Structure formats: structure tokens, C-alpha cells
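Participant: Residues in the sequence shown are numbered consecutively from 35, following our numbering.
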Amino acid sequence: KALADTIEPILEEGFSPALFGAAAAEVLPKVEGVLILACGTSYYAGMVARHWIESIAKLPCQIEIASEYRYSETFAKPNWLVVTISQSGETLDTMEALKFAFSLGHDKSLSICNVRESALPRASNLVFYTRAGAEIGVASTKAFTTQLVALFALAATLAKLKGQLSVDQEKQHLDALRLIPGSVQHALNLEPQIKLWAERFYSKHHALFLGRVLHYPIALEGALKLKEISYIHAEAYPAGELKHGPLALVDQDMPIVVIAPNDALLEKLKSNMQEVRARGGELFVFTDLDSHFTESEGVNVIRTPRHAGVLSPIVHAIPVQLLAYHTALQRGTDVDKPRNLAKSVTV
Ligand code: F1P
């Protein structure tokens, strides 16, 4: 529902500046680059968006961890749009990063936020409110997928304004967005299978998550959710980085979750998976319904819906979040109120 509600105005308007507030018709056509600032899960949404903005809008895009940005010796980039992403709209690090960007001379800002009239949208020229509804848990979950939808709409709108999106391409992207709530429902229906995996995860002390390019941030999200709510130490790597260090950690006690959509990188991922199997690591692979990837000794497979093209990260976010959720339930932790964490980090 959160996704369908967030997608609805986009399907009605098309990729139009009107989606981003009254001032957007004037501001967005001038944009020559995008600087994304965010923390945690919201930062991972920004990492996916960087690929969309560069590949669809053909604009340069930089992403910075908000808690670090204000300590860097950097400079303003003329006509760049500063995009903050935050579920709560109150995260202090993100707010301070935005103020720092303003102090450098940036004057165009967009807040992608789930809470109306919170600090970040109030401080920004433009706003897109995600419609994820109330996030009950401390760990951000459904906000993530709605942020991805908002960021995709931003990439496509900038592309259209820059003459990079034909009428046909716009239609294709809108059609793909229309299919997303159904695909996500399908992914949610995988819960019984994911629960069986969680029964094998909950006694583990460590886990690795692998993905590539658009799906590396999904691996990061899977690892963060597992850390936040089940307190299992988890790390995510771009699969090609395995051989540059983390492979040394792999043995029979290290489960390895792989985000393996049916895209051009699947063959490369397969060779990364063979490297893991050769060291005795057990693989837990999320692939798409239409991929030829199959189970074998030490390789467990769950099939998400048909490959969703560039929107695939939205669909693949669901099973990794469900895996963390069911693992946490098995461990008996409080999934809504993880220890040491606050809903919006305001200190
Ligand atoms: C950012 C965030 C969440 C994370 C955790 C702490 O919040 O890092 O992504 O799950 O609960 O806060 P926000 O800026 O998106 O509200």
C-alpha cells in the first residue's frame, strides 16, 4: 500500500516537476548535477539513485554520508541540486549536512521525506513526500522502497527536462512503475520460504551480503537490517570485491546472501559465487523468476518475481528485509525497538 500510494501521483502526473512542489518548475530545469546527502538506509536509497540519475538523466551525481559531509573540505558546485533523503525528516546529521551545503553557496535543495512539515522539508526549496505511512519500528523499512520510487521519479523528471527521455521511454518507465506494487506483493508472499532460511540464520554470528552495482546498496540494506534488529554481525560487499579481502572470512559457518537479479551481471555473479563455494561457504541466493539460476549443493535459491529492469532494487529490498525480520523474531529480539537505536537520530 505504501508503494501504491507513493506511485499513484506519479502515474497521474507523469514525470513532471509538479511532483516536487510549486517551485520545481523553475528550479529543476536549471539543475546541472545532483548532490545526495543522507544517513543509514536513506543513504543506500541515494546510492541506487546515483546510478539512475547518471544513466537515465545523464547528469553527474555525487553522494555523501551526511554525518561526514560537513567535516570535508569541499566546495559548492554551481546549479547542483542538493537532495536530502530522510524517513523522519529530523535526522540531525542530515540537517547539518544541508546547512553546510547552504553555507558553501548551494541554493537549490529537495527534501525526500516521509513526515510532513518536519525539519528537512521546511528547510528545502522543493519537497517530495513519500507516502509510507507511519514507520512503527525504529529501523526504516517501507520508507526505503518509497524513497526509491521518489528518486526514480526525480531521475526520470530530470531526464525529461534535459531532453534525455523520449515519449516512448517515459511510457515504458511509467508502465514499469505501475507493475511494482504487484511485484512487491509477490515478494512479500515469499515469507514462508524466507522464514525457513531464518531458522538456519538465527544461530549464526556473522553473515555476508553480496550484490553488484544497482543491487550493492540492497546488499548493504540487508546487512544493516540484520545488524539493527537481530544483532548479528553482517557486512555487505560488491561481489567483485570478495577476492580483495573478505574471501578470507568465508568458511562453513559464514552464510552468504547474494542478490542475484536476472540482469547482465548474473554470469559475473556466478563466478563470484563459485569462489565462495570453493571455500565451503553456504549460499542463500535471491534471484528472479525468469533467471536460469538453480539450486545445487550448498546453494539455496529463492525466486523473486520476474526481473523488474532498472526498478529491480525496489523488489529485491523486500526479501532481505524479511530475512532480517524473521531472523530477529527467531532470536527473540524486539524488532520494533532495537537496543541502542532511536527512531530519529536528533543528537
Ligand atoms: C536514518 C537512519 C535509518 C536507520 C536507523 C537510524 O533515518 O539511519 O535509516 O534505519 O533507524 O536512522 P532517517 O534520516 O531516514 O529518518
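Backbone N, C-alpha and C define an ideal beta-carbon position, used for all residues, glycine too. Everything numeric in this text was worked out from a predicted model, so none of it was measured.
Beta-carbon separation of Thr75 and Phe178 under 9 Å?
Facilitator: Closer than 9 Å, so yes.
Participant: In the DSSP assignment, the beta strand (DSSP E) including Leu244 goes from what residue to what residue?
Facilitator: Taken as a continuous stretch (DSSP letters only), the beta strand (DSSP E) holding Leu244 covers His240 to Gly245.
Participant: Relative to the C-alpha of Thr175, which candidate in Asp368, Thr321, Gln355 and Ser152 has its C-alpha closest?
Facilitator: Per the Cα distances, Gln355.
Participant: Quick one: grab the DSSP three-state call for His267.
Facilitator: In the structure shown, His267 sits in a strand (DSSP, three-state: E or B).
Participant: Do you know offhand how far Arg165's Cα is from Thr180's?
Facilitator: Cα-Cα distance, rounded: 7 Å.
Participant: Rounded to the nearest angstrom, how far is the Cβ of Pro63 from that of Leu195, given a contact under 8 Å?
Facilitator: Contact holds; Cβ gap of about 5 Å.
Participant: Output the boundary residues of the beta strand (DSSP E) element that contains Ala31.
Facilitator: Residue 31 falls outside the range modelled here, since the chain spans only 35 to 381, and no answer is possible.
Participant: Would His240 and Met288 be called neighbours here (beta carbons separated by less than 9 Å)?
Facilitator: The answer is yes: Cβ separation under 9 Å.
Participant: Sorry if obvious, but does the Cβ on Val161 come closer than 8 Å to a heavy atom of the ligand F1P?
Facilitator: It does not: the Cβ of Val161 is nowhere closer than 8 Å to a heavy atom of the ligand F1P.
Participant: For Asn148, I'd like the list of residues in its chain whose CB is within less than 6 Å of its CB, leaving aside the five on either flank, ordered along the chain.
Facilitator: So the list reads Gln121, Thr164, Ala166 and Ala177, once near-sequence residues are dropped.
Participant: To the nearest angstrom, how far is the alpha carbon of Asp368 from that of Ala362?
Facilitator: One C-alpha to the other measures close to 8 Å.
Participant: In whole angstroms, give me the CA-to-CA distance for Tyr250 and Leu260.
Facilitator: Whole-angstrom Cα-Cα distance: 15 Å.
Participant: How about Gln355: is its Cβ closer than 8 Å to a heavy atom in the ligand F1P?
Facilitator: No.
Participant: My output table needs one value for Arg337: the three-state DSSP class, helix, strand or coil.
Facilitator: Three-state DSSP puts Arg337 in a strand.
Participant: Quick one: is the Cβ of Gly80 within less than 8 Å of any heavy atom of the ligand F1P?
Facilitator: Because no heavy atom of the ligand F1P lies under 8 Å away, the Cβ of Gly80 does not count as near it: no.
Participant: For Phe178, which residues does DSSP report across the bridge?
Facilitator: Partner(s): none; Phe178 has no beta bridge.
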